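Under our numbering, residues 318 to 588 are what the sequence shown spells out, in order.
Beta carbons are placed, not taken as given, at the ideal position from N, Cα and C, and that holds for glycine.
Computed from a predicted model, the values in this text were never measured in an experiment.
Below you'll find the structure, written out as structure tokens, and then a few comments.
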Amino acid sequence: MKKLFVLLITISASLSSIGQVYPYVEDFNTMPSFSNPFGWTSTIPGFQVYPNHGNGSQGMTKNMTSLGASADSVISPLIGPLTATSVLSLQYRVMESSLYPNFSHAMVAGDGIDFYAVSGPLSILLYTVDVTNHITDTGFFTLNYNIGALAGNLGNLMIKVRRGAGDFFVDFDNISITNASSVVDVTPLVDRPVIYPNPANGGTRLQLKSVPADDYRIRLISSAGGVIDLEEKHMEGTLPVIDTNQLNRGLYFLQLTGLRNNFLLRFVVKN
318 MKKLFVLLIT ISASLSSIGQ VYPYVEDFNT MPSFSNPFGW TSTIPGFQVY
368 PNHGNGSQGM TKNMTSLGAS ADSVISPLIG PLTATSVLSL QYRVMESSLY
418 PNFSHAMVAG DGIDFYAVSG PLSILLYTVD VTNHITDTGF FTLNYNIGAL
468 AGNLGNLMIK VRRGAGDFFV DFDNISITNA SSVVDVTPLV DRPVIYPNPA
518 NGGTRLQLKS VPADDYRIRL ISSAGGVIDL EEKHMEGTLP VIDTNQLNRG
568 LYFLQLTGLR NNFLLRFVVK N
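Structure follows, in structure tokens:
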């Protein structure tokens, strides 16, 4: 299993735009080989569709070479509107260029995968994979991420690849934004924690229930994009998380980033 690039999930708040039919599924098999992925915005030469770079089929790939830029990105068509059960699912791997497809690329300093959700001024770092937590493998790694907190919005998937050292391919396949019930994968989808009371009055102590056991980094994010790192601790079951006494009226997100689980929860504070 492999993790080595940077991925950004860009969620647009413009509900007046027309998005792709939801749910959205892209396996790249219907696109011409050695071309830019149809409907995706990429730099030149940027990301391209290659045969045998998918999970047993055609896939989208980026060749990161020491002769090129150290970072590059691609943006999907507009997708949505999202629903309360929307899940991002994708498969990816990172392989040595000169020995492809026989050897995986081991992550080094400067390599990374960062997952962001962006909605208007709101930019949410969902998850980061780097040298501290990636697994080196020639097989595809599957990611499922619950993005139901952004329900009602249209959005784009933006994938950014960073290189620290070495030459390698980053391969992508089976990218989808669908309802949780339609995602079939070896990676189990756990129940989402619930934040309550929601909406909350100023001064209310917010609680979480149904939190899967994990070591979490907890972040509070305002609708304007402001981020407060609250703490890092082990969490499980039901427990208090935030005193809203210092929060102004408005929409907020609570992000829980764990070793095995990642959640983005939306709540409202009203005076």
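Based on DSSP bridge pairs, tell me the residues matched to residue i.
i      : result
Ser551 : The residue asked about is misnamed: residue 551 is His in this sequence, not Ser. Answer by DSSP bridge pairing, in chain order: Asp532.
Asp560 : Arg522
Gln365 : Thr378
Ser415 : DSSP lists no partner for Ser415.
Asp389 : Val478
Asn579 : Thr574
Asp490 : Gln408
Val511 : Lys526
Asp546 : Arg536
Phe351 : Beta-bridge pairing links Phe351 to no other residue.
Leu568 : Val585
Find out if the Cβ-Cβ distance for the pair residue i, residue j is shorter than 8 Å.
i      : j      : result
Met475 : Ile392 : yes
Ile538 : Phe570 : yes
Leu568 : Gln524 : no
Ile464 : Leu399 : yes
Asn578 : Gly519 : no
Met412 : Phe486 : yes
Arg479 : Gly427 : yes
Glu553 : Val586 : no
Leu395 : Asn473 : yes
Val404 : Asn461 : yes
Tyr367 : Thr574 : no
Val544 : Gly483 : no
Ala541 : Phe584 : no
Asp488 : Gly376 : yes
Ala530 : Ala468 : no
Evaluate residue i with the Cβ neighbour count: other Cβ atoms within 10 Å of its Cβ, from every protein chain shown; 16 or more gives buried, anything less gives exposed.
i      : result
Pro362 : exposed
Thr378 : buried
Pro505 : Unreliable placement is indicated for Pro505, whose pLDDT of 45 sits below 50; the coordinate value is still reported in the next sentence. Classification for Pro505: exposed.
Tyr513 : exposed
Phe351 : exposed
Gln572 : buried
Arg410 : buried
Pro349 : exposed
Phe355 : exposed
Leu576 : exposed
Asp546 : exposed
Ile335 : Caution is warranted here: a pLDDT of 46 is assigned to Ile335, below 50, making its placement in the model unreliable, and the coordinate value is therefore given only provisionally. Burial call: exposed.
Ser562 : In the sequence as presented, Ser is not what sits at residue 562; that position holds Asn. Per the 10 Å Cβ criterion, exposed.
Asn380 : buried
Val446 : buried
Asn470 : buried
Ser421 : buried
Asp502 : In this prediction, Asp502 has a pLDDT of 47, which is less than 50 and means its spatial position is unreliable; nothing more can be read from the coordinates.
Asn565 : exposed
Please confirm if residue i has its CB atom under 8 Å from at least one CB of chain D.
i      : result
Glu548 : Of the protein chains in this structure there is only one, and it is not chain D.
Quiz item: Taking one C-beta from the stretch 417 to 424 and one from the stretch 385 to 401 each time, how about it: are there three or more such pairs within less than 8 Å?
Solution: no
Quiz item: Are at least three pairs of beta-carbons, each pair with one atom in the stretch 335 to 353 and one in the stretch 487 to 495, less than 8 Å apart?
Solution: yes
Quiz prompt | Contact between the stretch 551 to 565 and the stretch 441 to 453 (3+ Cβ pairs under 8 Å) | solution = no
Exercise. Report the residue ranges of all beta strand (DSSP E) runs contained in full by the stretch 401 to 487; include only those spanning at least 3 residues, in chain order.
Key: 403 to 413, 430 to 436, 439 to 446, 458 to 463 and 473 to 479
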